[in-house]
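Report on the following structure.
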Amino acid sequence: MGAAHGLGDAGVRHAPGRLGMTESVSGEDGATTLRTHRCGSLRSANVGAAVRLGGWVHGKRNLGGLVFLDLRDRDGLVQVSFDPALVDESTRDLAASVGKESVVLVEGDVVARPPAGRNPELATGEVEVKARSLRVIGPAVTPAIPVARAKGEALPAEELRLRHRYLDLRRPELQHNLILRHRLMQTTRQFLGAQGFLEIETPILTKPTPEGARDYLVPSRVHPGAFYALPQSPQLYKQLLMVSGFDRYFQIARCFRDEDLRADRQPEFTQIDIEASFVGPEDIYRVAEGLIVALWKEGGRDIARPFPRMRYEDAMERYGCDRPDLRYGLELFDATELFRSTDLGIARAAIDAGGRVRGVRVPGGGALSRKQVDELEVLAKGAGAGGLLRLKRDGAQWSGPVAKYLGAGAAEQIGMADGDLALFVAAPDRIANPALDRVRQELARVMQLVRGEALCFLWVTDFPLFERDADSGALGAVHHPFTSPHEDDLAMLDTEPWRARAQAYDVVLNGTEVGGGSIRIHDPELQRRVFGLLGIDDATAQRRFGFLLEGLRAGAPPHGGIAFGFDRIAMLLAGAPSLRDVIAYPKTTTANALFEGAPGAVPDEDLRELRLRRVDTTSKE
RNA sequence: GGGGCUGUAGCUCAGCUUGGUUAGAGUGCCGGUCUGUCACACCGGAGGUCGCGGGUUCGAGCCCCGUCAGCCCCGCCA
C-alpha cells in the first residue's frame, strides 16, 4: 500500500509489466481535445511541458497562501499546486473550496520538485503541476464512502462498496484489477487467435436443460408459457460448431447458474471456452498450457511447462482429493494391514465392513497442541468421519490412543521420526477421502507449510465417467453427459459402467480448479448408450438433446475442449480475496445487485403480456 | 434448505459482559488561522430512526422473540 492516500501498490507500480499503466495497455497517452495527458502518467521527462489535465480531486491540502490538489485518473495521482505568485486569488479560492471527488480541468506547467519536496511513494513524485487555471466541471457531493484512504484505514463495509459501486471502482486497487482483467482478455484473444482459434458468439437465450445447475429462465412473450434459459455454458453450441467444421473455436463466454453463491462463485461468470476438432487430450493440454503460461506471464509470473499430471485415482489415493494442493507434502498412506490384526474396535469394524485405515504422517506434528489436534478432529468429523486416531512419537516413546494396540515394530513401519505425529481415519474411502483432505489442508495452514508464492499447476486426468448415488445406485455424469468414455474402458459400459474412466481432465493450481474439460462423444450411438446409462431414455434424449444427436448424425469429427474460469484466474492474478473484486458490478451472496437494485419488480401489465401471474408465496410449505 | 458472524454519526469502530445522568473516539463534513504540504498542522462547530418490528421491565443501544440486509461456511454448483 503506497503512502499517498492509499494510492497503493507502490512496489507493484514500479515493476515493469505488472500494473496497467498507460504504456502497457495500448501505448496511447490519453490526449483529447480537453486534455494533453493523463494525470498519473507525468514523469521527469515531462518537465517544462505546458499541460491540460482532467481528473478527480483525490485530496486537498490548504496551507493558507498555498493550495495543493491531488488529481487522480486511471493512471494515478499527480500533485497540482496553486501558488499565489502564479494564479489570482479567485482561482486559489476555487481550488481551496472544491470538494473531494469533483472533476476539474487544470492548465499548468510540469516542474521538477525540489529534492526535499519529492514524494518517493508516488509514481509522479518527482514532478508537480504548477497550475495557471482551474475549472470545476463536475462538482461532487461529499462521497458516501471514501475513495482516498489513509494508511491502514479499513475499507468501508462491502454492502456500501457495492451500493456505491461507482465510487468503489474509483479506488486504485479496483482500477488495477479491472485493467488487469482487460489485459488478460486481450492476451486470451491474441494467443488463441494466433493459434487459429475463431472467436464465435453463441446465444444467451437458449433452451432450458433440466440437468445440472438450475437455469435462469426468461419467459417468452411470443410463445406464452414457454421459457428461454440463460446458458450454463455454451457446451452444445460449441460441439455443433465442430460439427459445422469450424475446427477451432473459442469464446470469452458469460455463463449463468442459479445456485447459491460463495466468495468464489457468482450467478453470472465468465469462462474462456475452447473447443477443437480432430484432437485428443494431448492437443488440448498443449493449447491450454500455452494459454495459461501466456496469462500468468501477463500477470507478471513465469511458469514452467509441461505441467505435471496425475490420474484421478492416484490423486484420491495420495491426497483424498481430485484437486490436490501440491505446495506441501503430507501424502496419505494406507495402514490397513497394520490395524487388521489389532484389537482396536473402530479399525476392525471399518475394515470388516470393507473399509480401510488411512492416515497422514505429520513431520514435526508432535509439536501441535492437544487443542490443535482436537480441532483437526472436529473438521474430520464435520466431513463425515467418526473420529481421528492419533499416534505420536517422542523419542522411543509412542503415545496416543492407538499406540497400545499396535504390535512391536508396527509404528516403525509407518516411518515416523522423532517428534512426528500420525493421524488416521478408519472408514470407507468415500468418507475417509474428504475427511483426510480437510485434515491435510488444515495441517498445512496451521503448520504454515505454504511459503512464498509457489505455483503448483497440475493436470488431473482420467476422471471416472460416472458417479453412483450412494442411496439409489443411480449413475450421474461426473463431468457432463457428453464426455467420451476412455477408449480402453468402452467394454465396461455394458458390465460395470461405474468403473469406466472418462477422457476428462482438470487443471488445478494450488488446490484450486482453474479449468476443466474433456474429449466429447462424437458417435451418436455411443451418445445414446451413455444417455441410457444415465437414465435418459431415447424419447427424453430426443426431446432435450435432439439437436445435438441430429448434428452428430450429420458427420461429426472427433472433438474436445476445455473451459477456464476467467474470473477466478483474474482473482488469482490480481491477488484479490474475492471474485467481487475483479468484476465491475457483482452480485451479493443473495444474488442482489445493490447498485442498480436487481432483481426488481415489474408492472402487472408486463406480466400479463407474458401470461404470467404473481402467486402469493407468504404461506410456508 | 441449514449453521455462524456482523449491523451504533457520512465512513471505521468503542459502549452490550453486569439494563440506569446528556450514547463516545478517530476520520470525513462545515467555519476560522496558516506560503511547501503530500495522513499538512492548529482552533471551533454541526452531525444519531443504536438495521426494522414486537416483547420483558419503573426504565432497553444492551435482555428475549421475529424479521431484513451484508459477509463466511455446509447442502447445492451435470
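The opening residue of the first sequence carries number 53 in the working numbering; numbering runs sequentially from there. Cβ coordinates follow ideal geometry from the N, Cα and C atoms, glycine included.
Query	Result
Close-in-space but distant-in-sequence residues of the same chain around R663 (CB under 7 Å, 5 per side omitted)	P276 and G277
S536, buried or exposed, once every other Cβ within 10 Å from all chains shown has been counted against 16	buried
Span of the beta strand (DSSP E), counted from its first residue to its last, around A363	Looking at the sequence shown, residue 363 is not Ala but Arg. Its beta strand (DSSP E) spans residues R361 to R363.
Own chain partners of A315 with C-beta closer than 6 Å, once the 5 adjacent residues on each side are dropped	S630
Every unbroken beta strand (DSSP E) inside the region 95-153 [3 residues or more]	102-114, 119-125 and 128-134
Pair within 8 Å by beta-carbon distance, R410 and L293	no
Nearest neighbour of L542, chosen from A101, D125, P516 and S524 [CA to CA]	P516
Three-way DSSP call (helix, strand, coil) for G613 in this model	strand
Given Q247 as reference, the closest of L186, R660, I189 and R300 once Cα atoms are compared	R300
Terminal residues of the alpha helix (DSSP H) in which V675 lies	There is simply no residue 675 to check, as the chain begins at 53 and stops at 673 in what is shown.
Beta-carbon spacing of G436, I398 below 8 Å	no
Reduced DSSP secondary structure (H/G/I, E/B, other) of Q2	Residue 2 lies beyond the stretch modelled for the chain, which goes from 53 to 673, so this question has no answer here.
Residue range of the unbroken alpha helix (DSSP H) whose run includes Y337	P333 to E350
Length-filtered (4 minimum) alpha helix (DSSP H) runs lying within the region 376-440	388-392, 397-404 and 422-434
Through-space distance from L501 to I355, alpha-carbon basis	21 Å
Rounded separation between P655 and V130 - CA only	49 Å
Residue nearest to A265 in terms of C-alpha spacing, selected from A448, T88, H532 and M237	H532
First through last residue of the beta strand (DSSP E) which encompasses Y30	Outside the shown range of the chain (53 to 673) lies residue 30, about which nothing can therefore be said.
Assigned secondary structure, Y637 (DSSP; H/G/I helix, E/B strand, else coil)	coil
Alpha carbon of R35 to alpha carbon of G607, nearest angstrom	Nothing about residue 35 can be read from this structure; the chain reaches only from 53 to 673.
Proximity of S133 and A192 at Cβ, strictly below 8 Å	no
Buried or exposed by the 16-neighbour rule on C-beta atoms within 10 Å, applied to M73	Because M73 carries a pLDDT of 40, less than 50, the predicted location of this residue cannot be relied on, and no value is offered for it.
N-terminal and C-terminal residue of the beta strand (DSSP E) that T535 is part of	Counting along the chain, T535 falls outside any beta strand (DSSP E), and DSSP gives it neither H nor E.
Neighbourhood of G568 by C-beta, 6 Å cutoff - its chain only, sequence neighbours within 5 removed	D558
Element boundaries [beta strand (DSSP E), containing Y268]	Per DSSP, Y268 belongs to no beta strand (DSSP E) and is neither H nor E.
Three-state secondary structure assigned by DSSP to S76	Only weak support exists for where S76 lies, its pLDDT of 45 falling under 50; the value from the coordinates is given anyway. Of the three classes helix, strand and coil, the one that applies to S76 here is helix, per DSSP.
Under the three-state DSSP convention, the category A643 falls into	coil
Where G177 falls, given that 16 or more other Cβ within 10 Å makes a residue buried	buried
Minimum length 4: unbroken alpha helix (DSSP H) runs contained in the region 442-499	462-466 and 481-498
C-beta contact flag for E661 and R273 at 8 Å	yes
Option in L390, D325 and W511 with minimal Cα separation from E341	W511
Local conformation of R503 per DSSP, three classes	coil
Secondary structure of S329, DSSP reduced to three states	strand
Residue span of the beta strand (DSSP E) that contains F509, given as start and end	F509 to T513
CB of A346 within 8 Å of CB of T239, strictly	yes
Nonlocal neighbours in the same chain, by C-beta distance under 7 Å from Q323, ignoring five residues either side	S285, A305, C307, A615, F616, G617 and F618
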